[in-house]
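What follows is one structure encoded as structure tokens, with my remarks underneath.
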Amino acid sequence: MDTIRVRGGARLEGRVAISGAKNAALPIIAACLLAEGECRLEEVPHLADVDTMCGVVRELGLRVLPGRQTLTIINEGITGVAPPYDFVRRMRASFLVLGPLLARAGKVKVALPGGCAIGARPIDLHLKGLAALGAEIEVKNGWVKARARRLRGASIYLDFPSVGATENIMMAAALAEGTTTIENAAGEPEIVDLANFINAMGGRITGAGTRVIRVEGVKQLRGTSHAVIPDRIEAGTFMVAAAATGGDVLVENVIPTHLKAVMAKLREAGAVLEEENGGVRVRAELPPKAVDLKTMPYPGFPTDMQAQFMALLTVAQGSSVITETVFENRFMHVNELKRMGAQIVIEGHCAVVKGVEKLTGACVKATDLRAGAALVIAGLMAEGETEIGCVHHIRRGYEDLVGKLQGLGADITEN
Ligand code: EPZ
Numbered sequence: 477m478d479t480i481r482v483r484g485g486a487r488l489e490g491r492v493a494i495s496g497a498k499n500a501a502l503p504i505i506a507a508c509l510l511a512e513g514e515c516r517l518e519e520v521p522h523l524a525d526v527d528t529m530c531g532v533v534r535e536l537g538l539r540v541l542p543g544r545q546t547l548t549i550i551n552e553g554i555t556g557v558a559p560p561y562d563f564v565r566r567m568r569a570s571f572l573v574l575g576p577l578l579a580r581a582g583k584v585k586v587a588l589p590g591g592c593a594i595g596a597r598p599i600d601l602h603l604k605g606l607a608a609l610g611a612e613i614e615v616k617n618g619w620v621k622a623r624a625r626r627l628r629g630a631s632i633y634l635d636f637p638s639v640g641a642t643e644n645i646m647m648a649a650a651l652a653e654g655t656t657t658i659e660n661a662a663g664e665p666e667i668v669d670l671a672n673f674i675n676a677m678g679g680r681i682t683g684a685g686t687r688v689i690r691v692e693g694v695k696q697l698r699g700t701s702h703a704v705i706p707d708r709i710e711a712g713t714f715m716v717a718a719a720a721t722g723g724d725v726l727v728e729n730v731i732p733t734h735l736k737a738v739m740a741k742l743r744e745a746g747a748v749l750e751e752e753n754g755g756v757r758v759r760a761e762l763p764p765k766a767v768d769l770k771t772m773p774y775p776g777f778p779t780d781m782q783a784q785f786m787a788l789l790t791v792a793q794g795s796s797v798i799t800e801t802v803f804e805n806r807f808m809h810v811n812e813l814k815r816m817g818a819q820i821v822i823e824g825h826c827a828v829v830k831g832v833e834k835l836t837g838a839c840v841k842a843t844d845l846r847a848g849a850a851l852v853i854a855g856l857m858a859e860g861e862t863e864i865g866c867v868h869h870i871r872r873g874y875e876d877l878v879g880k881l882q883g884l885g886a887d888i889t890e891n
């Protein structure tokens, strides 16, 4: 079965350790295609999406040796340039092999990543950037074919600070001839982590984390060791869950500067957050205060935290306005929350959430990863039992979410 059952009412208490960041590990695994030799990665989370990305690079000739603490990836030469269609259809992040394969093998054939529940997810900015580096690109019959004898540095402006496009271009530019400037680049912590990894392999990237990234191409990159940063979205999810249950939780292995917007909004909603030896302690009384929020590229409020925060605000004192500016269809969780008694009206990119006394348990379905997390939070808050279906979405991005919540006193099981 693919369900989670949660009985609401328990205050979450205790401490929870955050795992490595999914959205840093995925591009870093793809970047191993750039290296010659062995890469040893620590803190890689045990997730379905990580297994998929490991499968992709294995298909391309890399040896992947999973260990308890260390994921070892050995690159003794690339033997394929076309990751299997179903990998890319299953996980759009597989598209991140485009840049590295162009840089190392000079050609690539990869399926057009499909849209998903949260939006059309186009890739025009990826292709525009790689073409600027000298790649010849053809999009036909659901495939992207690209080739380049030698990539050459260029000045690239991104119409939108796309995370994936910034990553693909940065990886391709790392081995290009000359210098590349990426303007209006994404500045997420995961971009910085990828840049640090490439620099540890011998790359020359500066400005990661700002809107202007400079990449000085080098001839060769060698294997290295790297520890992936903690997952700021998993951390934010547990912080919101603590506040939503009026709990008292120490969220450990957190980099607070990665969570400024989320922590500010939680404080605005009445929670008390204190930084304590490498973690953040979150305490809250119920009900939360209503707050307005608008998702923005980093360092703004992260779109990946919008659904979870909406769950919290369903029982706030007053009405909250949530504006989703990053994806065009990231309100799939609204109808499921309404099945639990939430009062939410969608007006275009805005959702108006009118606080209610309490939520009631119901049968609901996860439509995407973060919507699933939001429904778990709602189930923790609700009166009675909630059954959440399609929880394979949740397993893609949260390492042992149910086990970690049980450790905090939640009445939750999965099967
Ligand atoms: C990354 O997706 C994350 N995934 C997403 O996390 C996250 O929501 C997103 O960044 C925004 O922060 C990974 O890192 C694996 P984008 P990505 O390119 O790279 C438009 C999760 O829950 N766009 O920054 O696909 C696009 O349509 C996932 O962990 C173009 O128009 O996001 C969207 O509206 C969900 N053309 C906006 O930019 C392009 O070529 C942001 O997309 C590329 C993107």
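Each residue of the sequence shown is one higher than the one before, counting from 477 in my numbering. Ideal Cβ positions, reconstructed from N, Cα and C, are used throughout, including at glycine.
Alpha carbon of residue i to alpha carbon of residue j, nearest angstrom
i: G553; j: F777; result: 41 Å
i: E744; j: K765; result: 7 Å
i: E890; j: A649; result: 44 Å
i: G824; j: G582; result: 43 Å
i: G860; j: A850; result: 17 Å
i: I853; j: G837; result: 11 Å
i: V878; j: I888; result: 7 Å
i: E812; j: R539; result: 42 Å
i: V586; j: M567; result: 12 Å
i: A558; j: I822; result: 41 Å
i: H702; j: A671; result: 11 Å
i: N729; j: R625; result: 43 Å
i: A783; j: L577; result: 35 Å
i: R544; j: V526; result: 14 Å
i: L601; j: S638; result: 8 Å
i: M739; j: R708; result: 11 Å
i: I820; j: G794; result: 12 Å
i: G865; j: D844; result: 11 Å
i: R623; j: A507; result: 18 Å
i: A718; j: D876; result: 17 Å
i: V688; j: Q882; result: 43 Å
Residue i beta carbon near ligand 1 (any heavy atom closer than 7 Å)
i: I599; result: yes
i: G848; result: no
i: I709; result: yes
i: G543; result: no
i: A493; result: no
i: H428; result: A question about residue 428 goes unanswered here, because the residues of the chain that appear run from 477 up to 891.
i: V802; result: yes
i: E666; result: yes
i: K736; result: no
i: G879; result: no
i: F563; result: no
i: A596; result: yes
i: V620; result: no
i: F636; result: yes
i: V639; result: yes
i: L742; result: no
i: K770; result: no
i: D876; result: no
i: L845; result: yes
i: N499; result: yes
i: T779; result: yes
i: G754; result: no
Residue i, DSSP secondary structure in three states
i: A684; result: strand
i: S570; result: helix
i: A624; result: coil
i: I549; result: strand
i: Q782; result: helix
i: F807; result: coil
i: C530; result: helix
i: F636; result: coil
i: R487; result: coil
i: E710; result: helix
i: D876; result: coil
i: D562; result: helix
i: G496; result: strand
i: A501; result: helix
i: T479; result: coil
i: I888; result: strand
i: G605; result: helix
i: G654; result: coil
i: Q882; result: helix
i: K814; result: helix
Counted within 10 angstroms of its Cβ, other Cβ atoms place residue i as buried (16 or more) or exposed
i: T771; result: buried
i: H809; result: buried
i: D635; result: exposed
i: T733; result: exposed
i: E721; result: Looking at the sequence itself, residue 721 is Thr, so the reference to Glu does not match. Buried, by the Cβ-count rule.
i: R680; result: exposed
Residue i: CB within 7 Å of a non-hydrogen atom of ligand 2
i: M857; result: With respect to ligand 2, the structure shown offers nothing to examine, as its ligands consist of ligand 1.
Quiz item: Where in the region 822-872 do unbroken runs of the alpha helix (DSSP H), each at least 4 residues long, occur, reported from the N-terminal end onward?
Solution: Complete alpha helix (DSSP H) runs here, min 4: 845-857.
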